[in-house]
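**Student:** Right, I'll just put the structure down here and ask away after.
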Amino acid sequence: MSTQGSAANLGGAYKELAMRWQETRSHWHDVKSVEFERNYLEKLPNDVGRASSVMDEIGKLLQKVRHDCE
């Protein structure tokens, strides 16, 4: 799988998680759910964005390596 494909899979997985979390929040609304959201889920958009950027850079480097080896 390419790095672009991996980044797309990561983004899709995050969107799925966000959708499922919204469904879960309608049933789970106590102190622990707030803690879970604050400690884990609020950080994910930035982390996913950074990971996707790094995957992009790795993809570019791999292309350059392939090109240089030809």
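Each residue of the sequence shown is one higher than the one before, starting from 0 at the first, in numbering that gives the first Met the number 0. Think of the CB as a built atom: it goes at the ideal place given N, C-alpha and C, for glycine as much as any other residue.
Hey, out of Ala-6, Ala-7, Tyr-13 and Thr-2, whose CA is closest to Lys-42's CA?
**Tutor:** By 1-based counting over the sequence shown, the position of residue 42 is 43. The candidate whose alpha carbon is nearest that of Lys-42 is Tyr-13.
**Student:** Over the uninterrupted alpha helix (DSSP H) stretch that includes Ser-5, give me the two end residues.
**Tutor:** Position 6 of the sequence shown, counted from the first residue, corresponds to residue 5. Its alpha helix (DSSP H) spans residues 2–24.
**Student:** For Met-54, collect the residues of the same chain with a Cβ closer than 7 Å to its Cβ; drop the 5 residues on either side in sequence, then sort them by chain order.
**Tutor:** Reading the sequence shown from its first residue, position 55 is the one you call residue 54. Excluding sequence neighbours, Met-54 sits near Thr-2, Ser-5 and Ala-6.
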